[in-house]
Amino acid sequence: MQPAILLDDVRKTYKGGANALRGVSASIQPGEIFCLVGPNGAGKTTLLRIVGTQLEPTSGSVSILGIDVVRKPKEVRQHLGIVPQEAITDPELSAFEHIYYYLRARGQSRRGARESAERALHLVGLWDHRGTMAVRLSGGLRRRILIAMAISTEAEIMLLDEPTTGLDPLARRQVWHDLAALKSGRTVLLTTHSMDEAEALADRVAIFHEGRIIAVGTVPQLRGKLPNRHKIYIEDGTHGAALQRFGRMEEVAGKVVLYPESDLAIDEVVHFALTENLPVSVLPTSLEDIYIHLIKERT
Amino acid sequence: MRKLSQIFAIAQMMALPQLRSPVTYALIFTIPGMFLYLFWLVGGMGLGRHVLFGSLIAIPMNAGIIALPQSIVAYKFRKLQDMYVASPVNQFIYLMGNGLARLLFALPGIFFIGGILLWAHYMPVSALPVAIAVVLLSWAVGCALGFMLASFISNVMVISQIANLLGLLMVMLPPVSYPIELVGARWRWLALAVPSTSAAQLIKVASGVSKLNSPPFIIFSWLVLVGSCVVFLWLALSRSRWREC
């Protein structure tokens with residue numbers, strides 16, 4: 000099957016000499032939500048802007064549905080819907096107007112634009128706010144206008160750059176709900192530095208570090224890269240020395256986070272904690288643990 | 000036809016927020032208003048009517064000059080333009096929509112000044128076709144000049160500052176709001192080489208206000224207006240890119 004997005008050794012060096020991308024390759028399948036996670040400055044936005052035809056790569060190739068983004072940007076743009084990282088709505092336009100005029104500018108008829116705009120407003124739960132000026136909406140609702148604009152295009156490929164940055168937890172979950180609605184038949188390339196967002200939404204995750212993908216796979220596959228599938232929180236940092244023999248240990252704000260070497264070690268640590276009357280909890284390792292582990296391995 | 004409706008959609012989207020802010024209308028009338036007041040004090044309405052003709056040029060030309068530079072400054076803070084770049088909208092449609100938005104915003108001012116000129120019989124109805132053509136050309140020259148500035152200057156803030164400065168200079172320094180007869184005879188051709196002067200002069204001649212109405216002056220004025228529009232636009236399009244590199 001032809002990949003929806005194909006990245007082949009994509010490199011980008013900015014005029015000042017900064018190497019933003021140092022050879023990124025990946026194949027993203029149709030209908031997949033593919034998530035790039037990594038810290039600020041890792042090169043995620045640069046890659047997304049190249050895929051979105053907004054920025055030219057220094058070398059390498061990117062194709063969307065088999066069309067080269069450098070040689071045929073006009074063709075590629077027919078298939079794209081994007082939500083840029085720092086995009087802000089116009090304060091004096093309503094939610095409906097944002098979507099309607101965007102679709103009209105893309106060449107849709109009046110009737111088509113109105114119907115698509117109304118559908119998108121329903122889909123992201125903005126129908127009740129359709130006539131409200133953006134300036135009177137919360138940050139979360141304004142972000143959802145941008146997502147509705149992207150959804151309304153019905154483009155096959157969606158590029159979302161940190162769509163929930165700066166939102167409160169409730170608004171983030173609402174946006175996640177909107178993004179899940181995007182999935183029907185579409186390919187979504189999403190960047191985030193929020194590990195729980197990637198875990199909640201992505202079919203596959205690529206961990207980005209200093210302009211390179213250092214690991215890629217489903218969350219369970221990535222979890223397999225860790226020597227341990229569980230971690231233990233013990234809410235007392237004073238017994239750190241005694242716990243060291245059970246596995247790798249970190250102290251965070253007076254708490255001990257232990258990554259046990261084996262399932263047997265979990266039993267022993269829990270037994271130890273209960274004997275010492277220490278509050279203890281056993282949790283599955285998260286994407287964040289995988290990320291930290293991989294970065295530490297590199298550095 | 001489809002491209003035209005795309006341009007109008009962008010223009011409407013960009014003009015609506017401005018038209019919804021009534022305070023900004025005051026800005027349109029501030030400079031012509033102050034000019035009119037000063038010239039009326041000095042020379043009565045004999046000089047004051049030149050200000051009205053000048054304003055008829057200044058409003059559309061300035062609207063054009065600042066269209067893209069202001070949009071670029073807005074992009075620095077809003078980044079919404081990225082959604083249009085990564086879409087079937089091309090740079091020509093975006094630029095035209097952008098410029099048209101400014102013209103829509105300027106229309107109330109143009110109608111107001113034009114209305115006064117007609118009402119006071121400073122401009123006969125027979126001069127209206129010329130006036131409309133010149134106003135539209137002034138806007139087009141302004142847009143092309145603004146696009147050219149935006150294509151050649153990389154510093155976002157400097158683009159906006161130069162556009163504003165140039166807009167001001169082009170309507171205040173040459174004989175746009177005062178009679179060209181006040182300029183020495185040997186400097187008149189040079190004054191007419193400035194598109195804003197040519198535009199004002201064409202309306203003044205059509206209205207019987209200027210004595211500098213021989214065919215060579217009139218032909219030269221049309222050539223300056225059309226020519227500068229073509230040259231600025233060609234320079235802008237030869238340099239502009241719809242994608243960063």
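Chains W and A supply the protein sequences, listed in that same order. Numbering of the first sequence is given in numbering that gives the first Met the number 0, commencing with residue 0 and proceeding in unit increments. Numbering of the second sequence is given in numbering that gives the first Met the number 0, commencing with residue 0 and proceeding in unit increments. For each residue, glycine too, the CB sits at the ideal point set by N, CA and C.
Counterpart residues of residue i in DSSP-defined beta bridges
i, result
"isoleucine 156 of chain W", "W:Leu79, W:Thr186"
"methionine 132 of chain W", "W:Ser93"
"aspartate 288 of chain W", "Note: aspartate 288 of chain W sits in no beta bridge, so no partner."
"histidine 208 of chain W", "W:Arg211"
"valine 225 of chain A", "Beta-bridge pairing links valine 225 of chain A to no other residue."
"alanine 205 of chain A", "Answer is none; alanine 205 of chain A lacks a bridge partner."
"asparagine 39 of chain W", "Answer by DSSP bridge pairing: none, since asparagine 39 of chain W is not bridged."
"threonine 163 of chain W", "None, per the DSSP bridge assignment."
"serine 58 of chain W", "W:Arg10"
"histidine 229 of chain W", "W:Pro283"
Contact list for residue i against chain A, beta-carbon separation under 7 Å
i, result
"proline 83 of chain W", "Lys78, Asp81, Met82"
"arginine 76 of chain W", "Ala85, Ser86, Pro87"
Length of the line joining the Cα atoms of residue i and residue j
i, j, result
"alanine 132 of chain A", "leucine 102 of chain A", "14 Å"
"isoleucine 158 of chain A", "alanine 14 of chain A", "21 Å"
"leucine 164 of chain A", "arginine 143 of chain W", "39 Å"
"proline 68 of chain A", "isoleucine 27 of chain W", "38 Å"
"phenylalanine 245 of chain W", "valine 269 of chain W", "11 Å"
"aspartate 202 of chain W", "valine 9 of chain W", "22 Å"
"leucine 140 of chain W", "threonine 88 of chain W", "10 Å"
"alanine 3 of chain W", "isoleucine 202 of chain A", "58 Å"
"glutamate 287 of chain W", "methionine 194 of chain W", "6 Å"
"valine 204 of chain W", "valine 23 of chain W", "14 Å"
"valine 256 of chain W", "aspartate 235 of chain W", "10 Å"
"methionine 132 of chain W", "proline 83 of chain W", "21 Å"
"threonine 57 of chain W", "alanine 62 of chain A", "38 Å"
"alanine 10 of chain A", "phenylalanine 34 of chain A", "30 Å"
"alanine 199 of chain A", "isoleucine 98 of chain W", "41 Å"
"histidine 120 of chain A", "isoleucine 58 of chain A", "21 Å"
Beta-carbon neighbours of residue i, restricted to chain W and to distances below 9 Å
i, result
"leucine 99 of chain A", "What leucine 99 of chain A touches in chain W: nothing, since even the nearest Cβ is about 12 Å away."
"serine 150 of chain A", "Ordered by position in chain W, no residue passes the 9 Å Cβ test against serine 150 of chain A, which lies about 17 Å from the chain."
"alanine 25 of chain A", "By Cβ distance, chain W contributes nothing, its closest Cβ being about 17 Å from alanine 25 of chain A, past 9 Å."
Endpoints, alpha helix (DSSP H) assigned at residue i
i, result
"proline 16 of chain A", "1-18"
"proline 219 of chain W", "218-222"
"aspartate 81 of chain A", "80-84"
"valine 134 of chain A", "127-151"
"isoleucine 150 of chain W", "138-151"
"serine 239 of chain A", "Note, serine 239 of chain A: premise wrong, no alpha helix (DSSP H); not H, not E."
"aspartate 177 of chain W", "168-181"
CB contact check: residue i to chain A, cutoff 9 Å
i, result
"glycine 59 of chain W", "no"
"glutamate 96 of chain W", "yes"
"threonine 152 of chain W", "yes"
"alanine 149 of chain W", "yes"
"alanine 3 of chain W", "no"
"arginine 48 of chain W", "yes"
"alanine 119 of chain W", "no"
"lysine 224 of chain W", "no"
"lysine 73 of chain W", "yes"
"leucine 145 of chain W", "yes"
"leucine 158 of chain W", "yes"
9 Å Cβ cutoff, residue i in contact with chain W
i, result
"glutamine 69 of chain A", "no"
"glutamine 200 of chain A", "no"
"serine 239 of chain A", "no"
"methionine 12 of chain A", "yes"
"isoleucine 245 of chain A", "In the structure as shown, chain A starts at 0 and stops at 244, and residue 245 of chain A therefore has no counterpart that could be examined."
"glutamine 5 of chain A", "yes"
"methionine 96 of chain A", "A quick correction: the sequence has glycine, not methionine, at residue 96 of chain A. Yes, contact with chain W."
"isoleucine 92 of chain A", "yes"
N-terminal and C-terminal residue of the beta strand (DSSP E) that residue i is part of
i, result
"proline 259 of chain W", "254-259"
"proline 107 of chain A", "No beta strand (DSSP E) holds proline 107 of chain A; the alpha helix (DSSP H) holding it covers 90-118."
"leucine 172 of chain A", "Careful: leucine 172 of chain A lies outside any beta strand (DSSP E) and carries neither H nor E."
"glutamate 196 of chain W", "Careful: glutamate 196 of chain W lies outside any beta strand (DSSP E), inside the alpha helix (DSSP H) at 194-200."
"valine 36 of chain W", "32-36"
"alanine 25 of chain W", "18-27"
"glutamate 249 of chain W", "246-251"
Chain W residues whose Cβ lies nearer than 7 Å to that of residue i
i, result
"valine 88 of chain A", "Ala104, Arg105"
"alanine 8 of chain A", "Tyr100, Arg103, Ala104"
Residue i: contacting residues in chain W (beta-carbon distance under 8 Å)
i, result
"proline 16 of chain A", "Asp89, Pro90, Glu91, Leu92"
"arginine 1 of chain A", "Gly106"
"serine 20 of chain A", "Glu91"
Beta-carbon neighbours of residue i, restricted to chain A and to distances below 9 Å
i, result
"alanine 214 of chain W", "In chain order: nothing, as chain A lies at least about 28 Å away."
"alanine 41 of chain W", "Correct list: empty, because the minimum Cβ distance to chain A is about 19 Å."
"alanine 86 of chain W", "Arg77, Lys78, Leu79, Gln80, Asp81, Met82"
Within chain A, partners of residue i - CB distance below 8 Å
i, result
"leucine 79 of chain W", "Ala85, Ser86"
Any non-hydrogen atom of the ligand COA within 8 Å of residue i CB
i, result
"leucine 234 of chain A", "No copy of the ligand COA occurs in the structure displayed, which carries no ligand at all."
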